[in-house]
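The structure appears below as structure tokens.
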Amino acid sequence: MRYGQRCACLPQRTDDRVSPATLPVGCANARLVDPSEWSIPCVIAKMWENDGKEAASRGPNGKTSGEEESMSIITISRGSLSGGQELAERVARRLGYRCISREVLVEAAAKFGVPELKLSEYLEKMPGFWERLTTSRRLYLLFIQAAMCEFALQGRVVYHGQAGQQLLQGIHHVLKVRLIAPLEYRIKAAMERQGLSREAAARFIRQVDEERLRRLRYLFDIDWRDPTLYDVVVNLAQMRLETAADVVISLAQGAEYQPTPASEKALADLTVSCRVKAAVAAHPATLGIEVEARADDGMVWLSGVIEFAEMVPEIVQVAENVPGVKEVSPDLKIRPVLTATEM
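Numbers given in the numbering used here equal positions in the sequence shown, counted from 1, plus 81.
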């Protein structure tokens, strides 16, 4: 069932592009601001074209017919030059899983038209003053999480990028690993890989760690070093990488981290809700609008505060076009307009 009528401002061509640099709240007919920097496809169906084809062949748990039964998903969080990539690759190779990190940013960049470098900086560096005031930067997280969910939905994945433990919260067949390594280990790696002196290598590691700590605290209000965020903390101080891989694999194969119908449904619902939020934020007709979305077996409930009541039909229509959505129920509040005396 469609909600409302199609707005006349919706572009009719699938190759129209607009710049989200200013992310106006409302009509997409804003002037181009910086088209050389980035752009977003105007029709949400095009953004999710491949996902729609895959979704059509999937069953209720997101699997294609004849697809191998998925197993646990593994996320590995680590400090810079702590051996995280090497551990992830070993675990993935031995389990026959796919090892991903940068691929999530590439997927988000391709789907939503945001430069990959900007997405990477978003996770790695502390925002400046202007960034904190720019809506577009806050939306990057929506795009990254939506891309991460697409990979997780396929199952059999080891992710060693940033914030994996936060991007898939509430999914019980996700094994969250924290890898730590002695400072000497990391300094030696920095000296070998980047040709730095010992002093420069130590300074580089401290700087990266401090930036990451501030950034993830800003994004998620967490201290990413907190061991309670993870299922296991692996210390390489007296452990070889191969032994660390044994530990991770043993846990990943345990009954606690195998997918169940309930956990697969939770992941499917999370994926749909993230798709909807990202789609609304990226579509030209609703560009820059942030909504909350809760999904349950294809039913999606929208909530949040928007500027104009006229945008409700457009938001609903964008959500209805997202793969996996069967029906949309909006509960969107309109931001009150302050009078001169109230201001």
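Just so it is clear, CB atoms sit at the ideal spot from N, CA and C, and this is done for glycine as well. Just so you know, these numbers come straight off a predicted model, no measurement behind them.
Here's a check: name, in chain order, each residue in its chain whose Cβ is nearer than 7 Å to the Cβ of residue i, leaving out the five neighbours to either side.
i    : result
A390 : I415
A283 : I268
E167 : L322
A173 : R179, C180, V239
E337 : none
V289 : S161
F285 : A271, L277
Would you report the Cα separation of residue i and residue j, rounded to the nearest angstrom?
i    : j    : result
S384 : A374 : 6 Å
C180 : A244 : 16 Å
R175 : S153 : 14 Å
E273 : A333 : 32 Å
A102 : V386 : Caution is warranted here: a pLDDT of 35 is assigned to A102, below 50, making its placement in the model unreliable, and no coordinate value can be reported.
G379 : A228 : 19 Å
R295 : V329 : 28 Å
Q250 : A347 : 10 Å
H241 : A169 : 6 Å
P394 : R171 : 49 Å
A400 : A343 : 24 Å
D327 : V315 : 11 Å
A270 : P263 : 11 Å
E202 : L223 : 15 Å
V114 : H364 : Because V114 sits at a pLDDT of 32, beneath the cut-off of 50, its placement in the model cannot be relied upon, and the following sentence gives the value as read from the coordinates. Whole-angstrom Cα-Cα distance: 16 Å.
R183 : K407 : 32 Å
S331 : Y221 : 35 Å
N402 : G276 : 51 Å
T324 : P308 : 20 Å
T156 : I252 : 12 Å
L186 : L204 : 10 Å
G335 : L234 : 20 Å
V381 : S354 : 7 Å
L200 : M392 : 28 Å
Y266 : M320 : 12 Å
A281 : I261 : 21 Å
P417 : A349 : 35 Å
Please confirm whether residue i and residue j have their CB atoms less than 8 Å apart.
i    : j    : result
F301 : Q226 : no
Y299 : V238 : no
P196 : A189 : no
R293 : W305 : yes
R259 : S161 : no
L317 : G164 : yes
A359 : F193 : yes
Once you ignore the five residues that flank residue i on each side, which residues in its own chain have a CB closer than 8 Å to its CB?
i    : result
I303 : Q247, L297, L310
I396 : V361, T367, I370, V372, L383, I387, P411, L413
S278 : M272
K206 : E292, R296
S117 : Annotation note: pLDDT 34 at S117 (below 50); position unreliable, coordinate value reported separately. Closer than 8 Å at Cβ, skipping near neighbours: no residue.
R219 : E371
Can you find a C-beta in chain D that's less than 8 Å from the C-beta of residue i?
i    : result
L300 : Considering every chain present, this structure includes no chain D. It has just one protein chain.
Within 10 angstroms of the Cβ of residue i, are there 16 or more other Cβ atoms? Answer buried if so, exposed if not.
i    : result
A362 : buried
L198 : exposed
E231 : buried
Q398 : buried
R356 : buried
E491 : Any property of residue 491 remains undetermined from this structure, which presents the chain solely from 82 to 424.
Using C-beta distances below 6 Å, list every residue in its chain close to residue i, excluding the 5 sequence neighbours before and after it, in chain order.
i    : result
K134 : At K134 the pLDDT is 45, less than 50, meaning the model places this residue with poor confidence; the figure from the coordinates comes in the next sentence. Cβ within range, chain order: n/a, list empty.
D312 : L256, K257
V409 : V381, V397, A400, E401
Minimum length 3: unbroken beta strand (DSSP E) runs contained in the segment 342-394: 373-377, 380-387
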